[in-house]
Each structure stands twice: as structure tokens, then as C-alpha cells.
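Q: Residues in the sequence shown are numbered from 2 upward in steps of one, following the working numbering.
Note that CB positions come from ideal geometry on N, CA and C, so glycine has one too.
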Amino acid sequence: MRKIVIVSTVGLIYDGITSVISSYLEAMDKTDLEIYVVSTIKAEPNIEEKIEKLGCKIVHLPSRKNNTIKYFISLQTFIHRNGIEVIHAHGNSATLAIEMLAGLLGGCKKRIAHSHNTKCEQVKADKLLRPLFDLLYTDALACGDAAGKWLFCKRPFTILKNGRDVNKYIFALENRNEIRSRYSLKDTVAIGHVGGFFEQKNHVFLIEVFREILNINSNAKLFLIGDGPSKSKIESSVKDIKEDVIFTGVVDNVNDYLQALDGMLLPSLFEGLPLVTIEWQINGLPSLLSDKITNECKLTETVKFESLAREPKVWAEEILNMIDSNNREKNSLDSIKVIKEKGFDIRDNAKILRDIYLS
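1) Ends of the beta strand (DSSP E) at Tyr258?
2) Return the bridge partner residues of Ala191 from the DSSP annotation.
3) So, for Gly56: in the same chain, excluding its five sequence neighbours on each side, which residues have a beta-carbon less than 7 Å away from its beta-carbon?
4) Grab me the residues of Ile319's own chain with a C-beta within less than 8 Å of its C-beta, minus the 5 sequence neighbours each way, in chain order.
5) Hey, how far is the Cα of Asn178 from the Cα of Phe172?
6) Beta-carbon within less than 8 Å of Leu309's beta-carbon, same chain only, minus the 5 sequence neighbours each way: which residues are those?
7) Between the stretch 221-228 and the stretch 237-255, can you find at least three pairs of beta-carbon atoms closer than 8 Å?
8) Between Arg65, Leu26 and Ser237, which lies nearest to Ser40 when the distance is taken from Cα to Cα?
9) To the nearest whole angstrom, what separates the beta carbons of Leu286 and Gly264, a pair I think is in contact under 8 Å?
10) Under the three-state reduction of DSSP, which class applies to Ser20: helix, strand or coil?
11) Any contact between the stretch 91-109 and the stretch 4-20? By contact I mean 3 or more CB pairs, one from each, below 8 Å.
12) Let me know the secondary structure DSSP gives Tyr37 once reduced to three states.
13) Expressed to the nearest angstrom, what Euclidean distance is found between the alpha-carbon atoms of Ile80 and Phe211?
14) Measure the C-alpha to C-alpha separation of Tyr72 and Asp356 and round it to an integer number of angstroms.
15) Determine whether the beta carbon atoms of Gly227 and Gly145 lie at a separation below 9 Å.
16) Within the stretch 118-156, note down every full beta strand (DSSP E) run reaching 3 residues or more, in order along the chain.
17) Pick from Glu236, Glu53 and Leu262: whose alpha carbon is nearest that of Gly250?
18) In whole angstroms, what separates the C-alpha of Leu186 from that of Lys169?
19) Buried or exposed, going by whether 16 or more other CB atoms sit within 10 Å of the CB of Asn163?
20) Given a cut-off of 9 Å, decide if Val11 and Ile42 are closer than it, judged by their beta-carbon atoms.
21) Would you report the Cα separation of Lys338 and Thr78, rounded to the nearest angstrom?
22) For the beta strand (DSSP E) containing Leu289, list its first residue and its last residue.
23) Could you give the C-beta distance for Val190 and Ile85, rounded to a whole number, given that I count them as a contact under 8 Å?
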């Protein structure tokens, strides 16, 4: 039985990293694997419950952010006492050295660092810890080429793509009609965004684009799916158009909401390889992304990129043109073959990760 501990360095929250962890655990054959998932900083009860239902064990440790030393000692102690053989830590910076060192001192021979972004907020800590980090990890994984080069520089790394269950996200007209009826959308053009309310996601610009959309087509709605620290600020900024902006909060059926939408916007300031864009393409949704996002996520012609330097009106006209010319059902069906060919099927990727754990 191979014992593995998995860490999300941002906590078990409704974000991309946690979604990746959950998706892999759901799709993976866990025979001969004893998997522990660390709960630190913040953990959503529903996520912990889901992970436990998948046959994994939750390990509650002190806050990595607010009590780093105690967290480090507790993680090292847990690894040592439980004979953990593999630590797989997901993050965005060289602060992953914390988990890698805890693994080394705890006797863990396989220490996997997994990069999920092309930038980090802990700039000083990242620079300080880089030399130590480079010495400590044994395996380097990244969600894409840009994210790998960001964290591992010229050192070798393996790209493990953020796969999705294609059957879950394929376009279904019946589901679309149900949710559109619930929100009384009828002939409304429904624009969507999925992501946490963080500066990185650039919601301020997103709202400016939507205001331009309303100037062109007053029968439009914006669905903001997610939660986060800047949500209240964004809510305040749209009081004059509050009937047209729908804050869904965190939902566990994002796939159903995608069915009801007509087009997606992602004007992020930076990203690794955003998992949501894969979901949108499977669903046949036209998606307009900022040019700060890696073009690795463009698998089909439903994705286009636009500069953040362009006026919001340009973005508005572009996404509406994409929606007008879109053949939703055909694009969704065509995407399945492409998604699998390019390595984004979660079942195939879960087999690769299992082999890495066992190697």
C-alpha cells in the first residue's frame, strides 16, 4: 500500500487547484493507494466531505499562512509517524519548499511539486526560497508549459494537463432549457464568468465590458459564478444594473449553468492553464480570453484572445459576434475528439498520475 499525502497550498476552497485535486481523486483507480489530503488555511466542509466520500482521509493541520512554523512541524511529524512515501503539493511559487522540506525531513522519498500558475503574490518569499526549493523536490509537474517554465525555469518538468470529464460538460439542450426557464431568460443573451473574486480575475474590467454589451443589446444578463474577497466591492459597483447581473455564489453544478449561457469572458491578469476554459470548449461555448492567458488552453476555434489594452467596447462587440456565429451543438460534439487527442481527458490523466505515485 503506497501512502500519499496531497496538499493544496491555498486551502481546500472553491478554486482551480482544489477542483483539479478533486477531479483526479474522483477519476483515479485508488487500489493499493492510501491517500491523505491536508486541510489548512481554509477548508470548505462540502469539499472535505466530498474527498472523504472518495475514500481519502482529511488531515487537519495548523494554518500554513498564519502559523507557518507550526504547520511545517505538524506536516513533517505527520509524514514521519504515518510512513508517508509520496507528498504531492500543489501551488504557484517556490514557497512549496515548505512542503518539500517537511517531506524530506519526514522521510518521504518522492516529493512532487505541482505548478498551477505563471505568477505568484508572494514575490519576495518566492525569490528567497528558490535555491532551497530547487534542491528539495524530486518530481516536477505543471498544468501547462508556461506554468512549468515559471516555477521550474530551465529544469525539466512533466506537463500533467488539467483534464475534465467530457461526458459531464457536453452540451445538452434539455438542461439548457431547464435553467434558462428557471431564470426567465427566454431570448436573453447570457454571458458568464466562472472564478473566484480575486484581483487576478479582473472583475472590474469584466463589468466594464458587460456595460458595453448592455449598450449594444439591453436584453443581456451576466452570470458571475464564484465567491471571494472582492465580491462585495463588485456587487456595490453594479447597483445601477443589479437586475442584469446575477451573483450565483459557489455552485456544485457549474456544468448545468454552462448549458444556459451563450458566451464566456475571462479577462484575467494572469493564469496558468485555466481549467474552466476546457469545460467551456467541451460545452461548445464561445469564449473570449485576455492575451495574458496562455494559448495552450485554445483547443478549438470557440476560443479567441483579446488584449486588455483594447477598449471594453471592443471586447463587447467581439463576444457578441462570436455568439451570433456559433453552432453550439456541433462545436460541442466536435470538441470531444480534440479534447481527448490533446490529452485533456481526466480518466487518461488520472492513470498517468497514478503511475507517477507508484513509480
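A: Judging by the given coordinates:
1) Careful: Tyr258 lies outside any beta strand (DSSP E), inside the alpha helix (DSSP H) at Val255 to Ala261.
2) Ala191 pairs with Lys222.
3) Same-chain partners within the cutoff: Lys31.
4) With the sequence shown as reference, residue 319 is identified as Glu, and Ile is not the correct amino acid for it. Once the five neighbours on either side are set aside, the close Cβ partners of Glu319 are Leu289, Lys305 and Glu307.
5) Distance between Asn178 and Phe172, taken at the CA atoms: about 11 Å.
6) Counting only residues of its own chain and dropping the five nearest sequence neighbours on each side, Leu309 has a CB closer than 8 Å to the CB of Asn203, Phe206, Pro268, Leu270, Ser291, Asp292 and Lys293.
7) Taking one beta carbon from each stretch, the stretch 237-255 and the stretch 221-228 have 3 or more pairs nearer than 8 Å; the two touch.
8) For the residues Arg65, Leu26 and Ser237, the minimum Cα distance to Ser40 belongs to Arg65.
9) Cβ-Cβ separation between Leu286 and Gly264: approximately 6 Å, consistent with a contact (criterion under 8 Å).
10) Of the three classes helix, strand and coil, the one that applies to Ser20 here is helix, per DSSP.
11) Under the three-pair Cβ rule at 8 Å, the stretch 91-109 counts as touching the stretch 4-20.
12) Tyr37 falls in the strand class under three-state DSSP.
13) A direct Cα-to-Cα measurement between Ile80 and Phe211 gives close to 49 Å.
14) Approximately 29 Å between the Cα atoms of the pair.
15) Against a cut-off of 9 Å, the Cβ pair of Gly145 and Gly227 comes out as no contact.
16) Listed in chain order, they are 140-143.
17) Answer by Cα proximity: Glu236.
18) Approximately 23 Å, taken between the alpha carbons.
19) Its Cβ being crowded by 16 or more others within 10 Å, Asn163 is buried.
20) Yes, they are a contact pair.
21) About 46 Å.
22) Secondary structure note for Leu289: its beta strand (DSSP E) is the uninterrupted segment Ser288 to Ser291.
23) The pair is not a contact, with the Cβ atoms about 51 Å apart (cut-off 8 Å).
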